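The block underneath contains the structure these notes are about, expressed in structure tokens.
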Amino acid sequence: MLIGRQEERATIAAALSPQAATASLLLLGEPGVGKTLLLDMTVDDALAAGTRVLRVRGNAAETELAFAGLHQLLLPVLDRADDLPVRQRGALMAAFGLGDDPAPPDPMMMSLAVLTLVSHVASAGRVLLAVDDAQWIDRGSCQVLGFLARRLAGEPIGLLVASRGTRRPEWLDRSVTELVVPALSPAEAEELIGAQPDPPLGSARRRVLETAAGNPLALVELSRSAAREDVLRADGPPPAGLRSGGLHAGGHLPVTDLLERTFAAQVDELPAATRAALLVAAAAEGVGPAGVLAALPPGTDMDVWLPAERAGLVRLHSDRIDFRHPLVRSAIYGAAPFAERRRTHLALAASLDGDPDRRAWQLSAATVEPDAAVSAALEATAMRAFGRGALAEALAGLERSAQLNAAPAEQTRLLTTAAYAGILTGDIDRAEELAAKAASVNEDPAATPWISALTALVEMLMMRMERAFALIAPDTLPDVAQLDEGSSTIVTGIAYHSGSPVQRERALRLLAGRDLTDPTPPHPFHLWDAGVTDPFGKGDLVRSHLPAVTSAPGRAPTENHTLGVLCLILDETETAVSLLREVANPQWEDADAFHAGMTAADLAWANLDRGRWADARLGVERLAGRFLDGVHTHGSARALTVLATLCALTGEPELAVRHATAALAVTEPAGVLGAVVRARRAAGLAATALGDHASAFRHLRTLFDGEGVPVHYHLSCYAVADYAAAAVLVGRAEDASVALEQVTAAVGDGGSVRLRQVLGRARALLSDPAGAGPSFEGALADPAGHRWPFEHAQTWLEYGEWLRRQRRIAEARAALIKAREIFEGLGAVHWSDRAQAELRAAGVTVQSSPRSAFRTLTPQRQRIVRLAAEGLTNREIGERLFLSPRTVGTHLYQAFPVLGVTSRGRLRDVVEPESTD
């Protein structure tokens, strides 16, 4: 029976309507408030309308089982997996432990397989995905559900998620509408009590209403308890059954605790055999009746459930046991003494020989003392989860395995492995805790350097730079030979991000004995160490090895990340994008978690540099949002500097200034000079866009010290031309000239094509006006300069301005038109407007470019239009971007009128010039 909730039901119907842009909704609320009832009624309505419903209900017993929730959701349609493309089917089956391929499945290919499978089912009619008790669904399944939630546009698929509490699950995109289910109003509460078979009256009724506080489940259960215990006549002592857990309990209990006590009192009235069966079902939620019976004493039959079913506590099906409410399960389990729970878990473990993962966790729940066999079983389970791409579940298994192993060496090994898994999944707090535990139990001096390296990496990711460097490179460390490759990359990485001259010099001394002149390709980490500490002195030597090293097969994700960032630093930008996308593709649901967001920020910078600004924004928006929400990690801070730069470039300079200021407030005190330089440059670009040249000069001036030396030995050098432009406008050209001399000396002959273009532009801006032409022409001479389109267009713009002032009007027009085309394609608003103004001054009638509409599209839609313009089919685009072909078609259908085209063939006219010189 439903009392009230008309407004909530209308909200659900509107959110899941086929007319909704994305048919999805999140239900939040305290236990018992009615989330499941609303979900059930929505499911019933959907079924009555002919909608196919796929449903999953999370349970606490399967939280650590990789992809258990996803398997439950897809089981009714899993027979259709044979229709999937081969790679997708293989990835999906491997995630469920059913594949033949021993290699770990591609997480995104597996997620795409789920989307494709559900989309195929939806081709026959609308589908509703109903997810209840999402707080207990394993993380791997949640990531896939989050992936689906972001890709429902254009699909006849609805998603309804119910989760306990009032906090949105981190895996669910913010675009999903949220509805917090409130308590019933006083009038509705009165109506609900009055509808009960034997409603309480008088003082008992008042106590029920006051205690339940509008919680529907509490109102029903407390009314039932009142009737059963006959408290209606009780102005005297309450019956024994309610003294400890009902309306007369001393103090004010939370509704959840009160309900659990109420349910526990109902269970106490059942026969012992039924209570034992309920305890097994509670300990093994997710296991069907046959599995529960197998763990009960021989001779137990299905009649054991009758008393519980009559009491309304459970409902049996052929393949599952449903508790009336999750609080029934927790009440049964929590009320049982530990000795009974332990016997139950051991009995379940004995009956689960064919399911090693569930068996391991049952043994874990029964074990309180170290047990090497149980520890080994949990480690094996963790490694299977890792092999299936479920890193969070692997981390939990490794941590518990370490707890149950008495050998310090094994504890240390398991804890450090778990800590590194925490870093990979972005759970830095947990990684820090695990690394500290490893240090506390370690008795092997040989393991100490690796533990210190892990701890230092965590410290760096938390922006504690001085402590991080001191941990891994103490003064007592004689040379890099005392570190393995993985540890040396942490030393040099800390030095790069901190920008500390002291740390860099220390790193260079430690690396002094390394030799990269051997023609045999060196280890990727050795290349990193050399390139990141001395990008101008050793850059060319490192670049000579990159083709062989980056094309070698079988690289680990950490090696791809390391090589990708190295390529970013050395301006091998396209290679950087290719490598970094392999570990942090922005289309992936958890891309910004890998390495605590550092990889996502690195990829965004590479995309920004090469002019793929929509891709850059897509990769960092969520991560930057976490920083603004108070999650101040190194990765989130760097993501915010990317977003600040993008805002400065694309017409949101005021927002850019706010973002840069927020980043600086955290990174400057922490001494994270790499992020500080990025934020200052973003602020300088924003001030330029606002016409505030004094502020632009002030921000960019901080990137060089009083003698013009770059404050960051690498990153500051790329800002010297912007500094020169601002300095000229405020009459401080001499200051910028000093900085240019220092940068030129530091770079020497080791500058990349990109950096030579930047230095040529700076020289031209600071030259005597009559003689600036050769410097501009030198900056533009190398055709490879167009690979960094914004900086290339800046040079064309300023060259065109100079030509116009020299009255070389025809040449000026050509240069300005080229600059405007690039700026228009990028969406660089201020700079495009500036080029237009210069063209008008040169006598050119400027018309709005049709390509300007392109930047009004969302980042996702821009990517789709780009790929369609390149000739890819909807299916090919879908596989590239992890979307269904139907969703791709919907995006294109909606983009065509915005772009003013009527066919795919016309898209090339709109998009192609954006990537050309």
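To get my numbering, take the position in the sequence shown, counting from 1, and add 4. The beta carbon of each residue, even a glycine, is placed where N, CA and C say it ideally should be. All values reported here derive from a predicted model rather than from experimental measurement.
For F151 and A450, what's the separation of their Cα atoms in angstroms?
Separation of F151 and A450 (C-alpha to C-alpha, rounded to the nearest whole angstrom) is 42 Å.
Got a sec, what are the start and stop residues for the alpha helix (DSSP H) S836 sits in?
Annotation: the continuous alpha helix (DSSP H) that includes S836 extends over 833-845.
Where does G169 fall in DSSP's three states?
In this structure, G169 counts as strand in the three-state DSSP scheme.
Straight-line Cα distance separating I161 from L133:
If you draw a straight line from the Cα of L133 to the Cα of I161, it is about 7 Å long.
Residue burial classification, R237 (beta-carbon count within 10 angstroms, cutoff 16):
Note that R237 scores 37 on pLDDT, short of 50, meaning its location in the model is unreliable; the coordinates nonetheless yield the value given after this. With fewer than 16 other CB atoms across the displayed protein chains lying within 10 angstroms of its CB, R237 is exposed.
Give the range of the beta strand (DSSP E) segment to which F327 is assigned.
Start and end: 325-327.
Nearest neighbour of A193, chosen from S179, L176, S227, F794 [CA to CA]
By alpha-carbon distance to A193, the top candidate from S179, L176, S227, F794 is S227.
Does the distance from the CB of E802 to the CB of F827 come in under 9 Å?
Taking a C-beta distance under 9 Å as the contact criterion, E802 and F827 do not qualify as a contact pair.
Which residues in the same chain have their Cβ closer than 7 Å to the Cβ of Q507, if we skip the five residues on either side of it in sequence?
Excluding positions up to five away in sequence, the list reads F473, I498, A499.
Element boundaries [alpha helix (DSSP H), containing D48]
Counting along the chain, the alpha helix (DSSP H) containing D48 begins and ends at 39-52.
Paired residues, beta bridge with L164 - DSSP
Looking at the DSSP assignment, L164 forms a beta bridge with L29, A134.
Assess contact between the stretch 114-131 and the stretch 49-56, defined as three or more Cβ pairs (one per stretch) separated by less than 8 Å. Is contact present?
The stretch 114-131, when compared against the stretch 49-56, does touch it at the 8 Å Cβ threshold.
With a threshold of 6 Å on Cβ separation, who are the neighbours of V143 within its own chain once the five nearest residues in sequence on each side are excluded?
At residue 143 the sequence reads Arg, which differs from the Val that was named. Cβ within range, chain order: A396.
Alpha-carbon to alpha-carbon, R168 and D709:
Their Cα atoms are separated by approximately 54 Å.
Where Q840 falls, given that 16 or more other Cβ within 10 Å makes a residue buried
The residue in question, Q840, is buried, as its Cβ has 16 or more Cβ neighbours within 10 Å.
For a quick check, are the C-beta atoms of V624 and A610 less than 9 Å apart?
Going by beta carbons, V624 and A610 fall outside the 9 Å limit.
At a cut of 8 Å, does the stretch 176-184 reach the stretch 22-33 through at least three beta carbon pairs?
Under the 8 Å Cβ criterion, the stretch 176-184 counts as touching the stretch 22-33, having at least three qualifying pairs.
Have a look at the DSSP bridge pairing and note the partners of E945.
Past the boundaries of the shown model lies residue 945; the chain is included only from 5 to 921, so the question cannot be answered.
Counting along the chain, where does the beta strand (DSSP E) carrying L262 start and finish?
It is not in any beta strand (DSSP E) - L262 instead sits in the alpha helix (DSSP H) that spans 259-272.
With L320 as the anchor, note down where its beta strand (DSSP E) starts and where it stops.
Taken as a continuous stretch (DSSP letters only), the beta strand (DSSP E) holding L320 covers 318-320.
Just list the residues that DSSP pairs V60 with in beta bridges.
V60 is bridged by DSSP to V135.
What is the rounded straight-line gap between the Cα of D772 and the Cα of A846?
D772 and A846: Cα-Cα distance of roughly 22 Å.
Residue ranges of each alpha helix (DSSP H) within the stretch 855-900, 4 or longer:
Listed in chain order, the complete alpha helix (DSSP H) runs (minimum 4 residues) inside the stretch 855-900 are 863-873, 878-885.
Status (buried if at least 16 other CB within 10 Å, exposed otherwise) for V165:
Residue environment analysis places V165 among the buried positions, since at least 16 neighbouring C-beta atoms fall within 10 angstroms of its C-beta.
Can you tell me which of the three DSSP states F708 falls into?
In the displayed model, F708 falls within a strand according to three-state DSSP.
Helix, strand or coil: which one does DSSP assign to P778?
If DSSP states are grouped into helix, strand and coil, P778 belongs with the helices.
Return the chain-ordered list of same chain residues with a C-beta closer than 6 Å to the C-beta of A664, the five sequence neighbours on each side being excluded.
Closer than 6 Å at the Cβ level, and outside the excluded window around A664, lie A648, A683, A686, A687.
Would you mind sorting P778 into buried or exposed? The rule is 16 or more other CB atoms within 10 Å of its CB.
By the 10 Å Cβ count, P778 comes out exposed.
CA-to-CA distance, V185 to G615, given in whole angstroms:
Straight-line Cα distance between these residues: approximately 45 Å.
Tell me the residue span of the alpha helix (DSSP H) that contains V587.
That run of the alpha helix (DSSP H) goes 577-588.
Provide the residue span of the alpha helix (DSSP H) that contains H3, from first to last.
The structure shown does not extend to residue 3, since the chain is modelled only from 5 to 921, so the question has no answer here.
CB-CB under 6 Å to R434, same chain, minus the five flanking residues each way: which ones, in chain order?
Same-chain partners within the cutoff: G426.
Closest to T537 by C-alpha separation, out of Q407, H716, T579, V661, would be which residue?
Nearest of Q407, H716, T579, V661 to T537, Cα basis: H716.
What do you get for V224, buried or exposed, if any count of 16 or more other CB atoms within 10 angstroms of its CB means buried?
Result: buried.
What does a CB cutoff of less than 6 Å around L622 pick up in its chain, not counting 5 residues either side in sequence?
Closer than 6 Å at the Cβ level, and outside the excluded window around L622, lie P590, P863.
Beta carbon of L183, beta carbon of L32: below 9 Å?
Yes, Cβ-Cβ distance for L183 and L32 is below 9 Å.
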